[in-house]
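Everything on this sheet refers to the single structure shown next.
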Amino acid sequence: MGNSASIAGGQTAIPAKETYVWYRKFMMEYPSGLQTLHEFKTLLGLQGLNQKANQHVDQVYNTFDMNKDGFIDFVEFIAAVNLVVRGKIEQKLKWYFKLYDADGNGSIDKKELLNIFMAVQNLNGQQTLSPEEFTNLVFRKIDINHDGKAATLLGLTFLTARINFRRIYQ
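My numbering puts the first residue of the sequence shown at 36, with every later residue one more than the last.
Now the structure itself:
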C-alpha cells in the first residue's frame, strides 16, 4: 500500500521517503555514520544519571547495537525507530525480554526484574512503591510454577494480557 512495504513479522516498514529523511538527519548529526553511547545518551537527554539508571541506558543501547561493535549505525538506528514507532506488541515484547534477561539465560529472574525496576524508577524519579514491593507484586503474578524465574519469552507473551503494570504501579 502506498510507499510502505511489509517486512518480517508483518511489521510495516518505514516508507522510503521517510527513511531518506531519517538518513539525512542521522548523517548530519553523526558524519562518521556511527552513533556512540555518549551521543545516544545526549540525544535522549540522559546525562548525569545514577549508576543503576546508567546501566539500564547502556543495556538499551547494547540491544540496539545488533552487531556488537560498540556503535549504532544507520541500519541499527532505523531498525530501532521502526520497532519503537511501528513494531507490533509481540516484537516489542521480544525486545523488552531481551533487555530484561540481562544474563541471556532465556528467563527473567527476580534479581533481573528488581534491577530493571530500580533503573526505570531512577530514570522516572517516581517512588510510589519501593523497588522490592513492586518486584514482589509482579513476581507473584508471573512466577507461575514458583521456580524463582518469572517466565520464558513464550510464557511471558501469554501472561502480559493478565498483568496491568500501570495499575500495579499507581
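Ideal Cβ placement from N, Cα and C applies to all residues, glycine included.
Fair warning: this is a prediction, and the values are worked out from it, not measured in the lab.
Identified DSSP bridge partners for residue i
i, result
"ILE107", "GLN70"
"ASP100", "In DSSP, ASP100 forms no bridge with anything."
"ASP93", "Looking at the DSSP assignment, ASP93 forms no beta bridge with any residue, so it has no partner."
Span of the alpha helix (DSSP H), counted from its first residue to its last, around residue i
i, result
"LEU128", "124-135"
"THR163", "No alpha helix (DSSP H) holds THR163; DSSP gives it neither H nor E."
"ALA51", "51-64"
Beta-carbon proximity list for residue i, same chain, < 6 Å, skipping 5 on both sides
i, result
"ALA114", "none"
Spatial neighbours of residue i in its chain, beta-carbon cut-off 8 Å, leaving aside the 5 residues before and after
i, result
"ILE69", "One detail in the question is off: residue 69 reads as Leu in this sequence, not Ile. Result list for LEU69: PHE106, ILE107 and ASP108, in chain order."
Neighbourhood of residue i by C-beta distance below 7 Å, restricted to the same chain and skipping five residues each side
i, result
"PHE61", "PHE109 and PHE112"
"LYS127", "LEU118"
Cβ-Cβ separation, residue j to residue i (assumed contact under 8 Å), whole Å
i, j, result
"LEU149", "THR98", "19 Å between Cβ atoms; not a contact."
"THR163", "LYS145", "That belief does not hold up - the Cβ atoms of THR163 and LYS145 are roughly 20 Å apart, past 8 Å."
"ASN117", "ILE49", "5 Å"
ask   = Three or more beta-carbon pairs under 8 Å between the stretch 86-93 and the stretch 142-155, yes or no?
value = yes
request  = For the stretch 64-81 and the stretch 138-146, state whether three or more C-beta atom pairs, one from each stretch, are separated by less than 8 Å.
outcome  = no
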